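I have placed the structure first, in the form of structure tokens, so that the comments after it can refer back to it.
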Amino acid sequence: MDTITIIGEKCIIFIILQSRYLVITEKPSSARKIAHALDDSSSPRKGKYGKVSFYVAEHKGDELVIVSAVGHLYTIEQKKGGWSYPVYDIEWVPTYESNKKLSYTKQYLDAIIGLANKIDGYVSACDYDQEGSLIAYNIIKHGIGDQALTKARRMLYSTLTSKELVSAWEHITPSLDYSVVSAGKTRHETDWLFGINLSRALTLAARRFLDFKKVLSIGRVQGPALKFVYDLEQSIQSFIPTPYWKVYAETEIEGETYSLDYEKQTLKREIHARDVARECRGKKGKVNDIDEQSKNIAPPSPFNLGDLQNDAYKHFKMSPSDTLKAAEKLYLGAYISYPRTESNKIPKEINVKEILEELSKNRKYEEESKLLLGRKRFIPKQGKGEDPAHPAIHPTGQRPRQLKKEEKNIYDLIVKRFMASLGEDLIQVDTTISIEVKGHTFYLRGILTQKTGWTQFYGEYHKLKDQRIPKIEIGQIVPITSLSTRRRYTRPSSRFNPSSLVRKMEQEDIGTKATRSNIIDTLYQRGYVKSNKIKITELGEVTIETLQTFCPDIIKVEFTRILEKELKKIEENQKDPDKVFSEAMEELKSILEDFKKNEEQIGRSISNTILGKRSLDGGESCKVCNRDKLEDSVFCQKHTDVYNRVEDEFQQWRYALGYQWVEYLEKLNKLSGTGGYVKEVIKFILR
DNA sequence: GCAAGGTC
Ligand SMILES: [Zn+2]
0 MDTITIIGEK
10 CIIFIILQSR
20 YLVITEKPSS
30 ARKIAHALDD
40 SSSPRKGKYG
50 KVSFYVAEHK
60 GDELVIVSAV
70 GHLYTIEQKK
80 GGWSYPVYDI
90 EWVPTYESNK
100 KLSYTKQYLD
110 AIIGLANKID
120 GYVSACDYDQ
130 EGSLIAYNII
140 KHGIGDQALT
150 KARRMLYSTL
160 TSKELVSAWE
170 HITPSLDYSV
180 VSAGKTRHET
190 DWLFGINLSR
200 ALTLAARRFL
210 DFKKVLSIGR
220 VQGPALKFVY
230 DLEQSIQSFI
240 PTPYWKVYAE
250 TEIEGETYSL
260 DYEKQTLKRE
270 IHARDVAREC
280 RGKKGKVNDI
290 DEQSKNIAPP
300 SPFNLGDLQN
310 DAYKHFKMSP
320 SDTLKAAEKL
330 YLGAYISYPR
340 TESNKIPKEI
350 NVKEILEELS
360 KNRKYEEESK
370 LLLGRKRFIP
380 KQGKGEDPAH
390 PAIHPTGQRP
400 RQLKKEEKNI
410 YDLIVKRFMA
420 SLGEDLIQVD
430 TTISIEVKGH
440 TFYLRGILTQ
450 KTGWTQFYGE
460 YHKLKDQRIP
470 KIEIGQIVPI
480 TSLSTRRRYT
490 RPSSRFNPSS
500 LVRKMEQEDI
510 GTKATRSNII
520 DTLYQRGYVK
530 SNKIKITELG
540 EVTIETLQTF
550 CPDIIKVEFT
560 RILEKELKKI
570 EENQKDPDKV
580 FSEAMEELKS
590 ILEDFKKNEE
600 QIGRSISNTI
610 LGKRSLDGGE
620 SCKVCNRDKL
630 EDSVFCQKHT
640 DVYNRVEDEF
650 QQWRYALGYQ
660 WVEYLEKLNK
670 LSGTGGYVKE
680 VIKFILR
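For the record, in the first sequence the residue sitting at position 417 is 416 according to numbering that gives the first Met the number 0, with numbers rising by one throughout.
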């Protein structure tokens, strides 16, 4: 609101000018909250533009028209040409034009453009992150026009509480955050150009020798995600088990049997195991120490999306993308807060007490929420995860209606986790009783819960595992009533499942909370991986191996790290976005030239893998697979490496069991933990 | 038809 003062000769006239602002949010729920927070009477007028809701709020004499986007309303497309590569000429176009499945976005864009009428200023009120800055910029620039950009400002907030929103409005920036916008644009364009060009290059190479209907794809996030699966599969296929021995012992005290742990969890030689058995079996031991340690286990923090996806897989075997879908439904029904969050924190502005009061009206949660309400303070445990725009996932208190089974499960998990995060520490006492038998030590361990703390709110999602212990004193003599030793073999790492692969992507910091599970779905759709215990397919394998030669960067996590560093420089005005972009394009250009030059060879190796054919280019292949044989070996690189390790590991087996070479190979061949490549090599040696 | 990122 501007006050213009005109001082005439004899009088002073104040003219108060009301300004009209168009406020653009990222999603409908933020528009509603901002409108209610900023309207002086907390009751903004609600209007409809076609089917799209918008709000008109009066704020300190100004009029705010608040309308929302639905995420990105603009996307990248190639300007001209067909399905070929290289392609460098791109432009930003409305999303609904480029993707029919997203045609619903048209009504939102139409609404924003239609409402951009007699507006004094534009306000970008999208989420407080790079994508948010770009979403509003694209709409204003391409939808409303360049002249609107000069009147555009940015409103920044991290929680959608009235207090923060009012303050955000007061601290609105004088112009858009152009450096953040540039970083966002560069990210989109680099990803598009690398992703689309390399995907087409792979697909077209595969089609050279195959009637191949499918498309192949690769990208900055897909690449490393597939590489994780590939690497794990290599280690499983190359795994050679090692024998070890384990001691199982029991004692009996006052008629009750207790199992004992031997001092060493594993023994490396059979004779060591025999020694323990001979010296301790049937003997008596003396209690020489009783150690009691009380431990406090803090409550879990409320969920971020990754945690929720992980727990939903654990408890309901739901895939991460199904969990996201269910959580989205709950969010759109206003039963839970925004689910696409990386945060494990609930800021103090959120009224936890009020949420508990609402939850207590639901009989299912009445008892627990009333217990929590009996307290003086309502501070959820704060976790590590941070998010610039959204708090941790929590119930709103609003009672859900007509949920599907999966949504019901997810809702219950979220509510109980939220309540658990408000609980007190779980207190347990760990007891370790040391029993000495002829110089060998055995441990009798017990766990006793003293205070259930937060676990009483987490219900079936956390089971207490108490282990009782006998009444016993130092110096007491106890019998070893049973003792056996068993030979075991080490096992390879287990494969990823959709949830642990999301976790891995989180740990490696690739993709975002909203995209990780979808990208894993893409790997399945492409035929790169299969089954719930994720196994790479031959197609996935040949894709990784091709890229390892021709574009190793796209399957490396470091590619993302480098890009992030460059984007940060753009954000901080330390580097010209054009320079970052042209450097990336220089790299891409040389990769694509190289790819094109070798397209025939690449196509042949893809088709050979798929058809299970040996290579036809004259070179000899490995005795047990299609790959090229090394000069000084009968195997390819992979099988040669495996052969060398089979030789190395033999020493360990001879030491542990006194096995001879052939005996060793035959045993390995029978064990389930032995990797496929290992068995291929062994079968060849034993042929 | 191909990316990764938003969100319905
Ligand atoms: Zn081989």
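Beta carbons: idealized from backbone N, C-alpha and C, even for Gly. Note that this is a predicted model, so its numbers are computed, not measured.
Check for me: the alpha helix (DSSP H) holding R362 runs from which residue to which?
Taken as a continuous stretch (DSSP letters only), the alpha helix (DSSP H) holding R362 covers R362 to L372.
Identify the residues that DSSP records as bridge partners of T395: which are they?
In DSSP, T395 forms no bridge with anything.
In or out: N196 buried (at least 16 other Cβ within 10 Å) or exposed?
With 16 or more other CB atoms across the displayed protein chains lying within 10 angstroms of its CB, N196 is buried.
According to DSSP, which residues form a beta bridge with N295?
Answer is I426.
Does I281 come out as helix, strand or coil in the three-state DSSP assignment?
Checking the sequence shown, residue 281 turns out to be Gly, not Ile. When secondary structure is reduced to three states using DSSP, G281 falls in the coil class, being assigned neither helix nor strand.
If Q106 sits next to G49, beta carbons under 8 Å apart, how far is it from one beta carbon to the other, in whole angstroms?
Yes, they are in contact, since the Cβ atoms of Q106 and G49 sit about 5 Å apart, within 8 Å.
Three-way DSSP call (helix, strand, coil) for T449 in this model
Sequence inspection shows Gln at residue 449; the Thr mentioned does not correspond to that position. Q449 falls in the strand class under three-state DSSP.
Residues of its chain near K294, where Cβ-Cβ distance is below 8 Å and the 5 sequence neighbours each way are ignored
These residues qualify, in order along the chain: I426, Q427, V428 and D429.
Are the CB atoms of L192 and A205 nearer to each other than 8 Å?
No. Outside cutoff.
For ligand 1, I want to know if K637 counts as a neighbour, meaning its beta carbon is within less than 7 Å of at least one of the ligand's heavy atoms.
At a cut-off of 7 Å, the beta-carbon of K637 counts as near ligand 1: some heavy atom of the ligand is closer than that.
Within the same chain, show all residues whose beta-carbon is closer than 8 Å to that of T639, passing over the 5 residues directly before and after it, in chain order.
Within the same chain, T639 has close Cβ partners L629 and S632.
What's the gap between the Cα of T713 and the Cα of L656?
In the structure displayed, the chain extends from 0 to 686; residue 713 sits before or after that span and is not available.
Endpoints, the alpha helix (DSSP H) within which K324 is located
Where K324 is concerned, the enclosing alpha helix (DSSP H) stretches over P319 to L331.
For R374, count the other beta carbons within 10 Å of its own beta carbon; 16 or more makes it buried, fewer makes it exposed. Which is it?
In the assembly as shown, R374 is an exposed residue. Its beta-carbon has fewer than 16 other beta-carbons within 10 Å.
Could you check how far apart the C-beta atoms of I569 and S42 are, in whole angstroms? I think they sit under 8 Å.
With 8 Å as the limit, I569 and S42 do not qualify as a contact, their Cβ atoms being about 42 Å apart.
The beta strand (DSSP E) that contains S258, what's its start and end?
E255 to Y261 is the extent of the beta strand (DSSP E) around S258.
Please report how far the alpha carbon of I354 lies from the alpha carbon of L402, in whole angstroms.
In this structure, the alpha-carbon of I354 lies about 20 Å from that of L402.
Is R626 buried or exposed, if buried means 16 or more other CB atoms sit within 10 Å of its CB?
Here R626 is buried: its Cβ has 16 or more other Cβ atoms, across all protein chains shown, within 10 Å.
Kindly examine ligand 1 and report whether one of its heavy atoms sits closer than 7 Å to the Cβ of F683.
No, Cβ of F683 sits at least 7 Å from all heavy atoms of ligand 1.
What are the uninterrupted segments assigned as beta strand (DSSP E) that are 3 or more residues long and contained completely in the segment 125 to 152, given in chain order?
The qualifying runs do not exist here; there are none.
Distance between R486 and Y247 (C-alpha atoms, nearest Å):
Distance between the alpha carbons of Y247 and R486 is about 11 Å.
I need the DSSP call for G46, collapsed to helix, strand or coil.
DSSP places G46 within a strand segment (E or B) once states are collapsed to three.
Could you give the first and the last residue of the continuous alpha helix (DSSP H) run that contains P576?
From DSSP, the alpha helix (DSSP H) with P576 extends over P576 to K596.
Assumed close pair R152, L133 - CB separation to whole angstroms, cut-off 8 Å:
About 16 Å; that fails the 8 Å criterion.
Exposed or buried, what is A297 when buried is set at 16 or more other beta-carbons lying within 10 Å of its beta-carbon?
Classification for A297: exposed.
Straight-line CA distance for Q233 to K529?
A straight-line Cα-Cα distance of about 15 Å links Q233 and K529.
Just tell me which of L358, L372 and I89 has its CA closest to the CA of T185.
Ranking the options by Cα distance to T185, first place goes to I89.
Select from V477, Y658 and A147 the residue whose C-alpha is nearest the C-alpha of R280.
Closest in alpha carbon position to R280, among V477, Y658 and A147, is V477.
Helix, strand or coil: which one does DSSP assign to S300?
If DSSP states are grouped into helix, strand and coil, S300 belongs with coil.
Going by beta-carbon coordinates alone, are S492 and L148 separated by less than 8 Å?
In this structure, L148 does not lie closer than 8 Å to S492 by Cβ.
In the DSSP output, which residue or residues are listed as bridge partners for R444?
DSSP lists T431 as partners of R444.
Buried or exposed (CB count within 10 angstroms, at least 16 for buried), I270
Classification for I270: exposed.
From R398, V86 and K415, residue whose alpha carbon lies closest to that of I392
It is K415 whose Cα lies nearest to the Cα of I392.
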